[in-house]
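Comments concern the structure below.
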Amino acid sequence: MNNRNLLKGLFLIAISLAFGLGSLRYPMGTFARAGPGLFPLLVSSLLFLVGLTVVVRSLLSERTGMAFNVRNIGLVMASLVGFALISEYVNMIAGIVFMVFCASLAGTSYSAARNLKIAAVLVAVALVFQKFLGLQLPLY
Amino acid sequence: MEVLHNLAFGFEHALTLQNLMFCALGCVVGTLVGLLPGLGPLATISLLLPLTYSIPVGGALIMLAGIYYGAQYGDSVSAITMRIPHASSIVACIDGYQLTLKNRTGLALFTAGVSSFIGGTVAIVVLAALAPALGEVALLFGPTDYCALMLLGFVCVSFVTTGSLLNGLAMCLIGVLLGQIGTDVNSGMQRFTLGLPYLTDGIGLISIALGCFGIAEITKNLDSREDRSPFKGKIHLIPTWEEFKRIIPSALRGSAVGSFLGILPGGGPVIAQFAAYALDKKVSKYKHEIGSGAVEGVAGQAAADEAAARTSFIPLMSIGIPENAVMALMMAAFIIKGIQPGPNMIADHPELFWGLVASMWVGNCFLVILNVPMVRYWLSVFEIPYNVLFPAILFFICIGTYSVNNSLEDVLVTAGFGLLGYLFSRLDLDPPPLILGFILGPMLEENFRRALLLSRGSFTTFVTRPISGTLLGLIAILIVWQVVAFFLQTQRAAALRARSI
Numbered sequence: 007m008n009n010r011n012l013l014k015g016l017f018l019i020a021i022s023l024a025f026g027l028g029s030l031r032y033p034m035g036t037f038a039r040a041g042p043g044l045f046p047l048l049v050s051s052l053l054f055l056v057g058l059t060v061v062v063r064s065l066l067s068e069r070t071g072m073a074f075n076v077r078n079i080g081l082v083m084a085s086l087v088g089f090a091l092i093s094e095y096v097n098m099i100a101g102i103v104f105m106v107f108c109a110s111l112a113g114t115s116y117s118a119a120r121n122l123k124i125a126a127v128l129v130a131v132a133l134v135f136q137k138f139l140g141l142q143l144p145l146y
Numbered sequence: 372m373e374v375l376h377n378l379a380f381g382f383e384h385a386l387t388l389q390n391l392m393f394c395a396l397g398c399v400v401g402t403l404v405g406l407l408p409g410l411g412p413l414a415t416i417s418l419l420l421p422l423t424y425s426i427p428v429g430g431a432l433i434m435l436a437g438i439y440y441g442a443q444y445g446d447s448v449s450a451i452t453m454r455i456p457h458a459s460s461i462v463a464c465i466d467g468y469q470l471t472l473k474n475r476t477g478l479a480l481f482t483a484g485v486s487s488f489i490g491g492t493v494a495i496v497v498l499a500a501l502a503p504a505l506g507e508v509a510l511l512f513g514p515t516d517y518c519a520l521m522l523l524g525f526v527c528v529s530f531v532t533t534g535s536l537l538n539g540l541a542m543c544l545i546g547v548l549l550g551q552i553g554t555d556v557n558s559g560m561q562r563f564t565l566g567l568p569y570l571t572d573g574i575g576l577i578s579i580a581l582g583c584f585g586i587a588e589i590t591k592n593l594d595s596r597e598d599r600s601p602f603k604g605k606i607h608l609i610p611t612w613e614e615f616k617r618i619i620p621s622a623l624r625g626s627a628v629g630s631f632l633g634i635l636p637g638g639g640p641v642i643a644q645f646a647a648y649a650l651d652k653k654v655s656k657y658k659h660e661i662g663s664g665a666v667e668g669v670a671g672q673a674a675a676d677e678a679a680a681r682t683s684f685i686p687l688m689s690i691g692i693p694e695n696a697v698m699a700l701m702m703a704a705f706i707i708k709g710i711q712p713g714p715n716m717i718a719d720h721p722e723l724f725w726g727l728v729a730s731m732w733v734g735n736c737f738l739v740i741l742n743v744p745m746v747r748y749w750l751s752v753f754e755i756p757y758n759v760l761f762p763a764i765l766f767f768i769c770i771g772t773y774s775v776n777n778s779l780e781d782v783l784v785t786a787g788f789g790l791l792g793y794l795f796s797r798l799d800l801d802p803p804p805l806i807l808g809f810i811l812g813p814m815l816e817e818n819f820r821r822a823l824l825l826s827r828g829s830f831t832t833f834v835t836r837p838i839s840g841t842l843l844g845l846i847a848i849l850i851v852w853q854v855v856a857f858f859l860q861t862q863r864a865a866a867l868r869a870r871s872i
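Chain order of the listed sequences is A and B.
Adding 6 to a residue's 1-based position in the first sequence gives its number in my numbering.
Adding 371 to a residue's 1-based position in the second sequence gives its number in my numbering.
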């Protein structure tokens, strides 16, 4: 079983290091005249301390597992990325249809007929947005 | 008297046809998102922010505020009828659902609606009286005091939203760091942009909010795969006079508690409900019934919920510091519209401030109609299966992020934050403090650098100034308390384990 609290601490430390080491590349200045690197360095050191405390605490207290369902988040991500790419290279109506069909794979039941109806309604809504609210959607 | 005069002035602005329309629209949308799972006020306000670019300032703010307090009105409906809590209606599940089991759903819904109305009305009086006065106090604040106040806000928000100080603080700090991405205002240097021209202006707030609240929430709901069975029972709304009399004292108590807790940093609807419920359990005449379906258990919390949602506007509009994540988004809306909330706002834009206050009462009237006589029609919303709902929400998220800059890159960034938000939720980290940190981060840096510039690099200035000294003292107390509590807890756990062996 993986340890959620330990993972959390390591995750926080990773973020703090990413920003902390990055901020070293910018001029620090002095406290009276702070440079652009000083504040991010301070904040990421604080975050580092918090992460360290979480790690220490996780070793003291009981382990809790972490559930991670790759399928659902993967499908949602794929549908969003697909929407962006298809809208870029084909058009947004195709993007919307793809998104509906891809995302609904993650639902509890799947029906192509229902997906077609949802997609049709959403395309209609997008057309209303474009025509009446003046949003610039590259629909076709 | 001056307050009355100002309110009359506010109503002049709130009652124009256009503003009435925006207010009604905000209330309807707010009620809807309050009912639906997986689309809270945070996600909705960020969705609608881009749409408000073309609306006049006053109308935009009235509408966004309406969404926020409208969502607080409607969120107890699902808790009462089906025991499905929203973020801010956990308490309503207890007595509200017990009343449903007793076939008194109508009474519970009526109580929640009317108490919310009372809570909202009390809070508006508090708001009108207190915000201008507090604004004058805020003029005494220097950069050090602003820093201390923001830090106190971080600590309190972390404390309240996640229960564990460390989780919340971590999220605030991550938010501050994300806010660092982009061009440094003081030196013009580009920080953490990885050389991408796309990041020179920083990450879009809307991408973060929709990713962490919209997409992550959808995926979480998909993971839990619970099927909701819509409420089919009968609803008889009108209570007897005896029951009605029991609502009033509890609702007034709740309004007072909510109004007070809404003003404090980190305060807001969630904590106010728990406090009001606890108070009713202590002092109510019918306290022995609370927990098994008492009117008081619904009335107090609903009033507190609504009152706190409105008084939480006070720190934003009078000091210029948002105290929770939704207010941080409201602040972003103010700034997009070219208005800096703070001590000078009420004097510079009286029509906005008083118009907003007056519109809250107008909205209150809309909401009580939407939520009491018309509540049975809203219940049909629950019959939409989630399998239909979530592709539609995804679609709105895509269109919303796209239309900020007409850029598909934004959709990809939002997707990235959706993944990050899902990771956060799996690691048991709550995202609301992150939004607060992200919005306050640049302000914190600016005030921090200015304070040190004024004190020539000496940190003693944070302790010696009376306001910031007091605020930092409060932070120290909170942190020490949390550390002590943790050690006591582990000791007790160890003792329990020793005994069981």
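Note that CB positions come from ideal geometry on N, CA and C, so glycine has one too.
Classification of residue i by the beta-carbon crowding that lies within 10 angstroms, buried from 16 upward
{"i": "Asp651/B", "result": "buried"}
{"i": "Ser64/A", "result": "buried"}
{"i": "Ala864/B", "result": "exposed"}
{"i": "Asn715/B", "result": "exposed"}
{"i": "Val76/A", "result": "exposed"}
{"i": "Asn474/B", "result": "exposed"}
{"i": "Tyr648/B", "result": "buried"}
{"i": "Trp612/B", "result": "exposed"}
{"i": "Phe766/B", "result": "buried"}
{"i": "Lys653/B", "result": "exposed"}
{"i": "Asn121/A", "result": "buried"}
{"i": "Ser117/A", "result": "exposed"}
{"i": "Ala112/A", "result": "buried"}
{"i": "Gln897/B", "result": "Because chain B is modelled from 372 through 872, residue 897/B falls outside the range shown and cannot be assessed."}
{"i": "Arg797/B", "result": "buried"}
{"i": "Phe809/B", "result": "buried"}
{"i": "Trp852/B", "result": "exposed"}
Span separating the alpha-carbon of residue i from that of residue j
{"i": "Leu420/B", "j": "Gly734/B", "result": "19 Å"}
{"i": "Val106/A", "j": "Ile99/A", "result": "11 Å"}
{"i": "Arg624/B", "j": "Asp676/B", "result": "12 Å"}
{"i": "Cys464/B", "j": "Asn557/B", "result": "50 Å"}
{"i": "Asn377/B", "j": "Cys736/B", "result": "20 Å"}
{"i": "Glu754/B", "j": "Val49/A", "result": "47 Å"}
{"i": "Pro427/B", "j": "Gly71/A", "result": "50 Å"}
{"i": "Phe89/A", "j": "Gly513/B", "result": "48 Å"}
{"i": "Val493/B", "j": "Ser829/B", "result": "45 Å"}
{"i": "Leu143/A", "j": "Ala132/A", "result": "8 Å"}
{"i": "Lys656/B", "j": "Arg617/B", "result": "9 Å"}
{"i": "Leu407/B", "j": "Val752/B", "result": "8 Å"}
{"i": "Leu511/B", "j": "Ile838/B", "result": "9 Å"}
{"i": "Leu386/B", "j": "Gly639/B", "result": "28 Å"}
{"i": "Phe684/B", "j": "Gly713/B", "result": "11 Å"}
{"i": "Ala674/B", "j": "Gly491/B", "result": "7 Å"}
For residue i, three-class secondary structure by DSSP
{"i": "Gly35/A", "result": "strand"}
{"i": "Gly637/B", "result": "coil"}
{"i": "Gln711/B", "result": "coil"}
{"i": "Met7/A", "result": "Bear in mind that the predicted position of Met7/A carries a pLDDT of just 47, short of 50, making it unreliable; the figure below should be weighed with that in mind. Note: Met7/A maps to coil in three-state DSSP."}
{"i": "Val743/B", "result": "coil"}
{"i": "Thr554/B", "result": "strand"}
{"i": "Arg681/B", "result": "helix"}
{"i": "Ala73/A", "result": "coil"}
{"i": "Arg562/B", "result": "strand"}
{"i": "Ala891/B", "result": "No answer is possible for residue 891/B: the residues shown for chain B start at 372 and end at 872."}
{"i": "Ile810/B", "result": "helix"}
Residues that residue i contacts on chain D, provided the C-beta gap is smaller than 7 Å
{"i": "Tyr32/A", "result": "The structure shown contains no chain D; its protein chains are A and B."}
Residues of the stretch 466-486 of chain B with Cβ closer than 9 Å to any Cβ of chain A, in chain order: none
Runs of alpha helix (DSSP H) wholly within the stretch 815-849 of chain B (minimum 4 residues, chain order): 832-835
What are the residues in the stretch 742-774 of chain B lying within 9 Å of chain A by C-beta distance? Pro756, Tyr757, Asn758, Val759, Phe761, Pro762, Ala763, Leu765, Phe766, Phe767, Ile768, Cys769, Ile770, Tyr773 and Ser774
Suppose only complete runs of 4+ residues qualify. What are the alpha helix (DSSP H) ranges in the stretch 584-620 of chain B, listed by chain order? 587-595
Complete alpha helix (DSSP H) runs within the stretch 775-808 of chain B (minimum length 4 residues, chain order): 779-797
Using Cβ-Cβ distances below 7 Å, what residues of the stretch 527-541 of chain B are close to chain A? Leu537, Leu540 and Ala541
Determine which residues of the stretch 45-72 of chain A have a Cβ less than 9 Å from any Cβ of chain B, and write them out in chain order. Listed by position along the chain: Phe45, Pro46, Leu48, Val49, Ser50, Leu52, Leu53, Val56, Gly57, Thr59, Val60, Arg63, Leu66, Ser67, Glu68, Thr70 and Met72.
Any residues in the stretch 850-869 of chain B with a beta carbon nearer than 7 Å to a beta carbon of chain A? Which ones, in chain order? Residues of the stretch 850-869 of chain B with a C-beta atom less than 7 Å from some C-beta of chain A are Thr861, listed in chain order.
Closer than 7 Å between beta carbons: that is the criterion. Which residues of the stretch 819-841 of chain B meet it against chain A? So the list reads Phe819, Arg820, Leu823, Leu824, Arg827 and Gly828, given in the order they occur along the chain.
Complete alpha helix (DSSP H) runs within the stretch 101-140 of chain A (minimum length 4 residues, chain order): 118-138
Which whole runs of the alpha helix (DSSP H) in the stretch 383-454 of chain B are 4 residues long or more, in chain order? 388-406, 412-419 and 428-453
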